[in-house]
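Asks: Structure incoming, see below.
There are 2 protein chains.
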Amino acid sequence: MARFIESHSCFDCQCKSSIFNFLSEPELGLINQNRYEVSFKAGEIMFKQGTPSPHFLCLTSGLAKLYIEGYGKNLILSLVRPVEYIMGPGIYTDNRHHYSAAAVEDSTACLVDVNSFKQLIRTNPDFADEFIRRISMMTIFNFEQVVSLTQKQMHGRIADVMFYLSEKIYTGNPFEMTISRQDLADLSGMSKESAIRILKEFKDEGILHIDGSTVHILNPQQLKQISQTG
Amino acid sequence: MARFIESHSCFDCQCKSSIFNFLSEPELGLINQNRYEVSFKAGEIMFKQGTPSPHFLCLTSGLAKLYIEGYGKNLILSLVRPVEYIMGPGIYTDNRHHYSAAAVEDSTACLVDVNSFKQLIRTNPDFADEFIRRISMMTIFNFEQVVSLTQKQMHGRIADVMFYLSEKIYTGNPFEMTISRQDLADLSGMSKESAIRILKEFKDEGILHIDGSTVHILNPQQLKQISQTG
DNA sequence: TTTCTCCATTGACAAATATCAATGATCGGT
DNA sequence: ACCGATCATTGATATTTGTCAATGGAGAAA
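Sequence order for the protein chains is A and B.
When we follow numbering that gives the first Met the number 0, the leftmost residue of the first sequence carries the number 0, and every step to the right adds one.
When we follow numbering that gives the first Met the number 0, the leftmost residue of the second sequence carries the number 0, and every step to the right adds one.
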């Protein structure tokens, strides 16, 4: 389970989300006072879909997955790298989590009181603008995702996920894929077996080099082509 | 194409979206001054994905569809009934439309200047809160949609869309389905032929009564069951 | 080291879904 | 009423994708 860890201060935090740069010193103080730090081991659930959400979460180290628990299987909405906050649409509606979050790697996070945050949205227009901008970016990401998931075939979806992992999550090529094959399947909306099969195909065709959890995109052009032809 | 029509005033508009009740009289005046009315015939495009979005749209009569133009086919994100505004995530990011909108029935709408709106978000916290709340509601709707589209089989997806049409769009049972079969397919993420076939199956099983564009959900319990079992 | 468990992999098969082609129905314009 | 165009329907078939079952492999616990 989650463990409380030594508490620092938001003021000298090297790892606070850049949205907090829009806050004045006293405003940041409000956040700092209503905050505590927790650590999670890989695999542990951070919060669960359906439960109340009095706090939002700011990931300070590790890697987390956000996923919707659907009909028998999960859909991973996104992976989250530090430093980023995790705040769902329930904050402004029913105060419930609309997706679950779990640590993929050992992680640490700050839990921050939601009401303090919402108060700052009301009083600091720059902060509010930035918040809305970030929500909008997530919405755009969701749009791209739903189009990929509903209109592309499996090869295109796996290609998309490979680029996502390489460019956004592990920021490298080759990269060490710390998510499981099941997670890969949940990201691309298919069965685990299908995901594995397509990975193998890409390997056999020389598009990817795969050795256990290490993945190297050998032929990005061809992979991009596969992404676009669906 | 779109036609300009006689301009009224936001102040005595019986059909303004309820979010504007959060505005004071002078604030509503700002909206009123930067607004014009347009009418669209059924089938006409209101705005197109990828184009700049200096205005947002407030639908005052008719029925519109919001759809993403994907890889060879469209995905309908939602249908919009008056009175509701239509504002995409581009407003706060790249000032582009991230989906297209088209009139399904003959429609009228007000086009409102985006900057006036954004200015009010900065100065009126209640208005901003309500705006964020509505964005959040849409996000939650998108989540439900993506789970339905990616995790349910065709029968379940058609069942979901039938409830959506009956409860949210046409608010009646039976209802006159003014969208085409292709639209139905684009709403449920399948081919037109598959959508028609499942409609016919439901008809043969006595779950729906279908006569041309008139649909009557005869057995909501069984349809709900189909929705849930995927 | 041995065992156990979980995750990954593979193959065979079944189910779901799309595509293609043909036909029927409907509706506005003449 | 007639015509042309678009939309709806249906059947046959091909493709995509999932499921099931079996096996392999790596790491944790004894």
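By construction, the Cβ of each residue, glycine as well, lies at the ideal position given by its N, Cα and C atoms.
Three Cβ pairs or more, each shorter than 8 Å: is that satisfied between the segment 114 to 129 of chain A and the segment 58 to 71 of chain A?
Replies: Contact fails: fewer than three Cβ-Cβ distances are below 8 Å.
Asks: Out of K202(B), H54(B), L186(B) and Q224(B), state which residue places its alpha-carbon closest to the alpha-carbon of E68(B).
Replies: The shortest Cα separation from E68(B) among K202(B), H54(B), L186(B) and Q224(B) belongs to L186(B).
Asks: According to the neighbour-count rule (16 or more other Cβ atoms, all chains shown, within 10 Å of its Cβ), is T10(B) buried or exposed?
Replies: Rather than Thr, the amino acid found at residue 10(B) in this sequence is Phe. Exposed.
Asks: Identify each residue in the segment 78 to 111 of chain B for which the Cβ-Cβ distance to at least one residue of chain A is less than 9 Å, and report them in chain order.
Replies: Within the segment 78 to 111 of chain B, the qualifying residues are G87, P88, G89, I90, Y91, T92, D93, H97 and Y98.
Asks: Look up S17(A) in the DSSP assignment and say whether it is helix, strand or coil.
Replies: Note: S17(A) maps to helix in three-state DSSP.
Asks: In whole angstroms, give me the CA-to-CA distance for I168(A) and T92(B).
Replies: If you take the alpha carbons of I168(A) and T92(B), they lie about 22 Å apart.
Asks: Taking the continuous beta strand (DSSP E) assigned at F46(A), which residues delimit it?
Replies: Looking at the DSSP string, the run of the beta strand (DSSP E) that includes F46(A) is I44 to F46.
Asks: Can you list, in chain order, the residues of its chain with a C-beta nearer than 8 Å to that of K72(A)? Leave out the 5 residues immediately preceding and following it.
Replies: D185, listed in sequence order.
Asks: M45(B) touches chain A at which residues, Cβ-Cβ below 9 Å?
Replies: None at all; the shortest Cβ gap to chain A is about 18 Å.
Asks: Step through the CB atoms of chain B and report whether any lies within less than 8 Å of the CB of V214(A).
Replies: Not an interface residue.
Asks: Any beta carbon from chain A within less than 8 Å of T50(B)'s own beta carbon?
Replies: T50(B) does not count as touching chain A.
Asks: Excluding the 5 residues preceding and the 5 following A194(B) in the sequence, name in chain order all residues of the same chain whose CB lies nearer than 7 Å to its CB.
Replies: So the qualifying residues of the chain are I157, R180, L183, A184 and S187.
Asks: Restricting to Cα atoms, I'd like to know which of S16(B), Y163(B) and G229(B) is closest to I85(B).
Replies: For the residues S16(B), Y163(B) and G229(B), the minimum Cα distance to I85(B) belongs to S16(B).
Asks: Please list, in chain order, the chain A residues whose beta carbon lies closer than 7 Å to that of D70(B).
Replies: The sequence given here has Tyr at residue 70(B), not Asp. In chain order: Q150, K151 and G229.
Asks: Comparing C-alpha positions only, which one of L76(B), S99(B), R95(B) and T59(B) sits nearest to V82(B)?
Replies: When each option's Cα is compared against that of V82(B), the closest is T59(B).
Asks: What do you reckon, are the CB atoms on M176(A) and L164(A) nearer than 8 Å?
Replies: Closer than 8 Å, so yes.
Asks: Assuming contact is defined by CB atoms lying nearer than 8 Å, are V113(A) and P25(A) in contact in what I supplied?
Replies: Result no, Cβ atoms of V113(A) and P25(A) do not sit closer than 8 Å.
Asks: Can you look up P51(B) in the DSSP assignment and give me helix, strand or coil?
Replies: It is a strand residue.
Asks: Report the start-end ranges of each beta strand (DSSP E) in the segment 66 to 126 of chain B that is 3 residues or longer and not cut off at the edges.
Replies: DSSP runs (the beta strand (DSSP E)) wholly in the segment 66 to 126 of chain B: 73 to 79, 83 to 85 and 99 to 112.
Asks: Following the continuous beta strand (DSSP E) through H7(B), name the residue where it begins and the one where it ends.
Replies: H7(B) -> no beta strand (DSSP E), and no H or E assigned at all.
Asks: Using only the alpha-carbon positions, how far apart do I44(A) and T50(A) sit?
Replies: Near 12 Å, if we compare the C-alpha coordinates of T50(A) and I44(A).
Asks: In three-state terms, what does DSSP make of E292(B)?
Replies: Chain B is shown only over 0 to 229; residue 292(B) falls outside these bounds and no answer can be derived.
Asks: Counting only Cβ-Cβ distances shorter than 7 Å, please list the residues of the segment 131 to 143 of chain B near chain A, keeping chain order.
Replies: Answer set for the segment 131 to 143 of chain B: I131, R132, I134, S135, M136, T138, I139, N141 and F142.
Asks: State the Cα-Cα distance for the pair I225(B) and G205(A), rounded to the nearest angstrom.
Replies: Those two C-alpha atoms are separated by around 43 Å.
Asks: Pop quiz: K151(A) and Y70(B) are said to be a contact at Cβ under 8 Å. What is the actual Cβ separation, rounded to whole angstroms?
Replies: Indeed they touch by this definition, with Cβ atoms about 6 Å apart.
Asks: If the criterion is Cβ atoms closer than 8 Å, does the pair L29(B) and F19(B) meet it?
Replies: Contact flag unset, no.
Asks: Buried or exposed for A41(A), going by 16 or more other Cβ atoms inside 10 Å?
Replies: Exposed, because fewer than 16 other Cβ atoms sit within 10 Å of the Cβ of A41(A).
Asks: Hey, T138(A) and T107(B): beta-carbon distance below 8 Å or not?
Replies: Not a contact, by the Cβ cut-off of 8 Å.
Asks: Tell me the DSSP secondary structure of T228(A) in three-state form.
Replies: Residue state, collapsed to three classes: coil.
Asks: Consider the Cβ of R196(B): report whether some Cβ of chain A lies at a distance smaller than 8 Å.
Replies: For R196(B), the answer is no, since every Cβ of chain A falls outside 8 Å of its Cβ.
Asks: Using a Cβ cut-off of 7 Å, pull out every chain B residue sitting near L222(A), in sequence order please.
Replies: Near L222(A) there are no residues of chain B at all, since even the closest Cβ is about 16 Å away, more than 7 Å.
Asks: Using a Cβ-Cβ cut-off of 7 Å (strictly less than) and excluding sequence neighbours within five positions of L217(A), which residues of its own chain qualify?
Replies: Closer than 7 Å at Cβ, skipping near neighbours: G205, I206, L207 and H208.
Asks: Can you list, in chain order, the residues of its chain with a C-beta nearer than 8 Å to that of Q220(B)? Leave out the 5 residues immediately preceding and following it.
Replies: Closer than 8 Å at the Cβ level, and outside the excluded window around Q220(B), lies no residue.
Asks: Hey, is A184(B)'s beta-carbon within less than 8 Å of any beta-carbon in chain A?
Replies: No, its Cβ sits nowhere closer than 8 Å to a Cβ of chain A.
Asks: Hey, would you say T149(B) sits closer than 8 Å to L74(A), going by beta carbons?
Replies: Yes.
Asks: Just how far apart, CA to CA, sit M189(A) and F39(A)?
Replies: Cα to Cα, the separation comes out at about 28 Å.
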